[in-house]
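Engineer: One structure is given below, represented as structure tokens, and several questions about it will come after.
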Amino acid sequence: MGGQVIIIGGGASGMTAAVMAARGGAAVTVLEHMDRVGKKILSTGNGRCNFTNQDQKPEYYHCGQADFPWRVLEQFPMERTVEFFAELGILAKERNGCLYPNSDQASSVLDALRFELERLQIRVTTGCQVREIRPEGNGFSVRTDQGKLSAGAVVLAAGSKAAPSTGSDGSGYELARGLGHRIVTPLPALVQLRCAEKDYKQLAGVRTDAKIDLYVEMSRAESAADRTKRVPAQGSSVDGSAPDSWRLAASDRGELQLTDYGISGIPVFQVSRYASAALHSKKRVKAVIDFLPRQTQEETMAMLCRRAASMPERTCEQWMCGLLNKKLSLVLLKRAGLKPSECAGCVGESGWAALGRQLRAFETVITAANSFDQAQVCCGGVDTLEVDPATMMSRKGRGLYLAGEILDVDGICGGYNLQWAWSSGAVAGANAARYASAARYVNAASK
Ligand SMILES: Cc1cc2nc3c(=O)[nH]c(=O)nc-3n(C[C@H](O)[C@H](O)[C@H](O)COP(=O)(O)OP(=O)(O)OC[C@H]3O[C@@H](n4cnc5c(N)ncnc54)[C@H](O)[C@@H]3O)c2cc1C
0 MGGQVIIIGG GASGMTAAVM AARGGAAVTV LEHMDRVGKK ILSTGNGRCN FTNQDQKPEY
60 YHCGQADFPW RVLEQFPMER TVEFFAELGI LAKERNGCLY PNSDQASSVL DALRFELERL
120 QIRVTTGCQV REIRPEGNGF SVRTDQGKLS AGAVVLAAGS KAAPSTGSDG SGYELARGLG
180 HRIVTPLPAL VQLRCAEKDY KQLAGVRTDA KIDLYVEMSR AESAADRTKR VPAQGSSVDG
240 SAPDSWRLAA SDRGELQLTD YGISGIPVFQ VSRYASAALH SKKRVKAVID FLPRQTQEET
300 MAMLCRRAAS MPERTCEQWM CGLLNKKLSL VLLKRAGLKP SECAGCVGES GWAALGRQLR
360 AFETVITAAN SFDQAQVCCG GVDTLEVDPA TMMSRKGRGL YLAGEILDVD GICGGYNLQW
420 AWSSGAVAGA NAARYASAAR YVNAASK
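Residue 278 in numbering that gives the first Met the number 0 sits at position 279 of the sequence shown, and the numbers go up by one each step.
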């Protein structure tokens, strides 16, 4: 017979921790303040739940301590996750390395977890707000809006501040702070970026293949220290008062979505954490977008010359037909200083060169990341220096474990954040059960 384990938060990491703790012999209670568990899981992967990815590398996970996530993931890797869900009845389906349930329904993943909680007789209390966790004897007392509970071990899996309508309202950070943890400022990540230019109103709804390079302004000191990565500011870039140099912070390629306020889509999500962090530090940020990422510069210039020679009678607007989305073409022509009604045959070399620059290096000023409401995850969270990656036990209090997005760990888009939730939850739950069981014997012996 094991000890008592309380799990705070019935999300992906909390439910995995609960299953592992119960399988380890503990009597487990999950406390969840929403009216049901796993609300966030339902919105993952556009309702289909991209629950992991076959391509796993340490660099896909970001953290203040670079090796921390991988040390946890190695203990419960992707293969173990697939096995875990297969045992719960989930047949996995693969798309470009991303794994989804074959049902294409996120609700199947949640249901499979719920059935396992039931089978293991895990007590789930919903509508229960945890207000405080305190060390007490060899364990903890947990104060909620419904009363006080005690346990030998606690797993804090209360999520971040991202998508608060699903329950992760940031109250987990306050609980961690109350136990002496430091919180690395949480910022929205995997999120859309807002841009300064007015032409976005015209571009709303355009989707196109593109490569995005995100640049962050370098301070004089950084600039001097890192001359190798230095790139010159491009012409009239940004707001006309370009800093000396910019650092390439991140790049990605995929389907770019243009909205009436800026840029969205997976490549934007992938670079967004760097924009959030830089803007938070009051640094200027710009993106350089390549709308023809399949071509070399030489191929683009040759294509422009070829088209110029073969369709001289067309207007510039007609000349762009078939190259890119029409709305986007009009904005690129305008930025290149070409009139849509102008005859293509009359455009000089400098006009084509200007258009070439817009096609391959369209600059845009990033003014903000969208808010936590739109973010899929947060970067920042509980400082991982204060957590042992071998067990997920807090270094601030024995018997306290942390799991999931509450920690300063965020993955790239593609199933990596749920993988982090499953892995950290599994390690935390199994170790919490062991600890609670040992604490129980100590308590019994001291009576
Ligand atoms: C729209 C969207 C799509 C996404 N798609 C994917 C995807 O396809 N693949 C992927 O890998 N990741 C995806 N993610 C990210 C992924 O869902 C999260 O990283 C993951 O669910 C985090 O799990 P968690 O258990 O740490 O936190 P959460 O799932 O947020 O769970 C925390 C739980 O704690 C509860 N709670 C909080 N505070 C308290 C309190 N004080 N008392 C009691 N309960 C509390 C909350 O209500 C919540 O249920 C997506 C996220 C969003 C928003």
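Glycine included, each C-beta is placed from N, C-alpha and C at the ideal position.
Do you know offhand how far glycine 2's Cα is from asparagine 137's?
Structural biologist: Whole-angstrom Cα-Cα distance: 11 angstroms.
Engineer: Just confirm the distance between the C-beta atoms of arginine 47 and glutamine 104, as a whole number of angstroms; I'd bet it's less than 8 angstroms.
Structural biologist: Contact holds; Cβ gap of about 7 angstroms.
Engineer: What does a CB cutoff of less than 7 angstroms around serine 106 pick up in its chain, not counting 5 residues either side in sequence?
Structural biologist: Hits under 7 angstroms: Leu41.
Engineer: So what does DSSP say about leucine 354, is it helix, strand or coil?
Structural biologist: It is helical.
Engineer: DSSP state of isoleucine 405, grouped into three classes?
Structural biologist: Looking at isoleucine 405 - three-state DSSP - the assignment turns out to be helix.
Engineer: Buried or exposed: where does threonine 125 fall if 16 or more other Cβ atoms within 10 Å of its Cβ makes it buried?
Structural biologist: So threonine 125 counts as exposed.
Engineer: If aspartate 387 and glycine 63 are in contact, beta carbons under 8 angstroms, what's the gap, nearest whole angstrom?
Structural biologist: Between glycine 63 and aspartate 387 the Cβ distance is about 15 angstroms, and since that is not below 8 angstroms, they are no contact.
Engineer: Taking only three categories from DSSP, how would you classify valine 36?
Structural biologist: Looking at valine 36 - three-state DSSP - the assignment turns out to be coil, as it is neither helix nor strand.
Engineer: Near alanine 249, what residues of its chain come up, given a Cβ to Cβ distance below 6 angstroms and the 5 sequence neighbours on each side ignored?
Structural biologist: Hits under 6 angstroms: Leu213, Val270, Tyr273.
Engineer: Run through DSSP, which three-state label would asparagine 52 get?
Structural biologist: Reduced to three states, the DSSP call for asparagine 52 is strand.
Engineer: State the DSSP-derived secondary structure class of histidine 279, mapped to helix, strand or coil.
Structural biologist: Helix.
Engineer: Considering threonine 299, what are the terminal residues of the beta strand (DSSP E) in which it resides?
Structural biologist: Premise fails: threonine 299 lies in the alpha helix (DSSP H), 296-309, not in any beta strand (DSSP E).
Engineer: Per DSSP, what kind of secondary structure is isoleucine 5 in: helix, strand or coil?
Structural biologist: Isoleucine 5: strand per DSSP, three-state reduction.
Engineer: May I ask which residues mark the beginning and end of the beta strand (DSSP E) holding threonine 207?
Structural biologist: Start and end: 206-216.
Engineer: Using CA atoms only, rank isn't needed, just tell me which of Glu173, Glu131, Ala335, Gly261 is closest to glycine 158.
Structural biologist: Closest by alpha carbon: Glu173.
Engineer: Out of Leu399, Gln53, Ser244, Asp66, point me to the one whose CA is closest to valine 215's CA.
Structural biologist: Cα-wise, what sits closest to valine 215 is Ser244.
Engineer: Please confirm if valine 376 has its CB atom under 7 angstroms from at least one CB of chain D.
Structural biologist: Looking at the structure shown, chain D is missing, and only one protein chain is on hand.
Engineer: Please state whether DSSP places glutamine 256 in a helix, a strand or coil.
Structural biologist: In this structure, glutamine 256 counts as strand in the three-state DSSP scheme.
Engineer: Going by C-alpha to C-alpha distance, which of Gly398, Val381, Lys326, Ala301 sits closest to threonine 207?
Structural biologist: Selected option, being the one with the closest Cα: Lys326.
Engineer: Taking DSSP's pairing of strands, which residues face leucine 30 in a bridge?
Structural biologist: Note: leucine 30 sits in a beta bridge opposite Ile7, Thr124.
Engineer: To the nearest angstrom, how far is it from the Cα of proline 65 to the Cα of threonine 390?
Structural biologist: Checking the sequence shown, residue 65 turns out to be alanine, not proline. Spanning the two alpha carbons is a distance of roughly 17 angstroms.
Engineer: What is the DSSP secondary structure of proline 76, reduced to helix, strand or coil?
Structural biologist: Three-state result, proline 76: coil.
Engineer: For aspartate 382, which of helix, strand or coil comes out of DSSP?
Structural biologist: Three-state result, aspartate 382: coil.
Engineer: Have a look at valine 27 and glutamine 120 and give me their C-alpha separation to the nearest angstrom.
Structural biologist: One C-alpha to the other measures close to 8 angstroms.
Engineer: When the Cα of alanine 425 is compared with those of Leu112, Pro292, Gln53, which residue comes out closest?
Structural biologist: The candidate whose alpha carbon is nearest that of alanine 425 is Leu112.
Engineer: Just mark arginine 122 as buried or exposed, buried being the case when its beta carbon has 16 or more other beta carbons within 10 Å.
Structural biologist: Exposed, because fewer than 16 other Cβ atoms sit within 10 Å of the Cβ of arginine 122.
Engineer: How about histidine 180: is its Cβ closer than 6 angstroms to a heavy atom in ligand 1?
Structural biologist: Result no, Cβ not under 6 angstroms from ligand 1.
Engineer: Can you check DSSP and say which residues form a bridge with phenylalanine 361?
Structural biologist: Answer is Ile288.
Engineer: Based on Cα-Cα distance, which residue from Ala152, Lys338, Arg130, Ile262 lies nearest to glycine 171?
Structural biologist: Among Ala152, Lys338, Arg130, Ile262, the Cα nearest to that of glycine 171 belongs to Arg130.
Engineer: Where does isoleucine 450 sit, in a helix, a strand or coil, going by DSSP?
Structural biologist: Outside the shown range of the chain, which is 0 to 446, sits residue 450, and nothing can be said about it.
Engineer: Specify, as a first and last residue, the run of the beta strand (DSSP E) that alanine 65 falls within.
Structural biologist: Note, alanine 65: premise wrong, no beta strand (DSSP E); not H, not E.
Engineer: Any chance the CB of histidine 32 is under 6 angstroms from a heavy atom of ligand 1?
Structural biologist: Answer for histidine 32: yes, Cβ within range of ligand 1.
Engineer: Tell me whether aspartate 289 is buried or exposed, calling it buried when 16 or more other Cβ atoms sit within 10 Å of its Cβ.
Structural biologist: So aspartate 289 ends up on the buried side.
Engineer: Below 7 angstroms CB to CB, which residues in the same chain sit around phenylalanine 75 once its five sequence neighbours on both sides are set aside?
Structural biologist: Excluding positions up to five away in sequence, the list reads Trp421, Ser422, Ala425, Val426.
Engineer: With a threshold of 8 angstroms on Cβ separation, who are the neighbours of aspartate 382 within its own chain once the five nearest residues in sequence on each side are excluded?
Structural biologist: Counting only Cβ-Cβ distances below 8 angstroms, and skipping sequence neighbours, we find Gly63, His180, Arg181, Ile182, Val183, Asp407.
Engineer: Looking at C-alpha atoms only, which residue of Asp110, Pro339, Leu189, Tyr199 is the closest neighbour of valine 267?
Structural biologist: Checked all of Asp110, Pro339, Leu189, Tyr199; the closest Cα to valine 267 is Leu189.
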